[in-house]
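Residue numbering for the sequence shown is 1 to 103, as defined by the working numbering.
So the structure is just underneath, and the comments pick up after that.
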Amino acid sequence: MPSSERVPEGRTVQLMCTPPDADPKAEIIWLKDGHEIIPNEDPNLIIANDGNLIISAPRLTDSGNYTCEARNFANKRVTDIAQIVVYDEIFCAAKRLDKLSDL
Numbered sequence: 001m002p003s004s005e006r007v008p009e010g011r012t013v014q015l016m017c018t019p020p021d022a023d024p025k026a027e028i029i030w031l032k033d034g035h036e037i038i039p040n041e042d043p044n045l046i047i048a049n050d051g052n053l054i055i056s057a058p059r060l061t062d063s064g065n066y067t068c069e070a071r072n073f074a075n076k077r078v079t080d081i082a083q084i085v086v087y088d089e090i091f092c093a094a095k096r097l098d099k100l101s102d103l
């Protein structure tokens, strides 16, 4: 099951998806904010052979709600939402310094 994370911009993140044993084998798809992630459309988003989603160099625009869906003709199973928040480390560090200087 994928889990929510806060990640700095540029640091690889992997979301896990364990499909159920099914016959026929379930197809794995990932959705971001309810829209299907199309493999090879964005080289930054990689759906691995094991079904996990790898965001190789997260950008601020990669922040969102991700779900994994396993489906075949007989059934469909959707995971809970994993919220990914990508943040700018430099911007956050500058804000912390500003707060410290106000003390």
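Glycine is no exception: its CB is placed at the ideal position from the N, C-alpha and C atoms.
Keep in mind the model is a prediction, meaning the values are calculated, not measured.
Kindly indicate which residue of the options has the alpha-carbon position closest to the one of residue i.
i          : options    : result
residue 64 : 23, 36, 26 : 36
residue 79 : 20, 44, 13 : 20
residue 15 : 54, 43, 23 : 54
Start and end of the beta strand (DSSP E) containing residue i?
i          : result
residue 64 : 64 to 71
residue 82 : 82 to 87
residue 9  : Looking at the DSSP string, residue 9 is not in any beta strand (DSSP E), and its letter there is neither H nor E.
residue 77 : 76 to 78
residue 60 : From DSSP, residue 60 is part of no beta strand (DSSP E); its letter is neither H nor E.
Residue i to residue j, Cα distance in whole Å?
i          : j          : result
residue 82 : residue 88 : 20 Å
residue 34 : residue 67 : 8 Å
residue 9  : residue 58 : 5 Å
With a threshold of 9 Å between beta-carbons, can residue i be considered close to chain C, or not?
i         : result
residue 4 : Reference to chain C is not applicable here, since this structure consists of a single protein chain.
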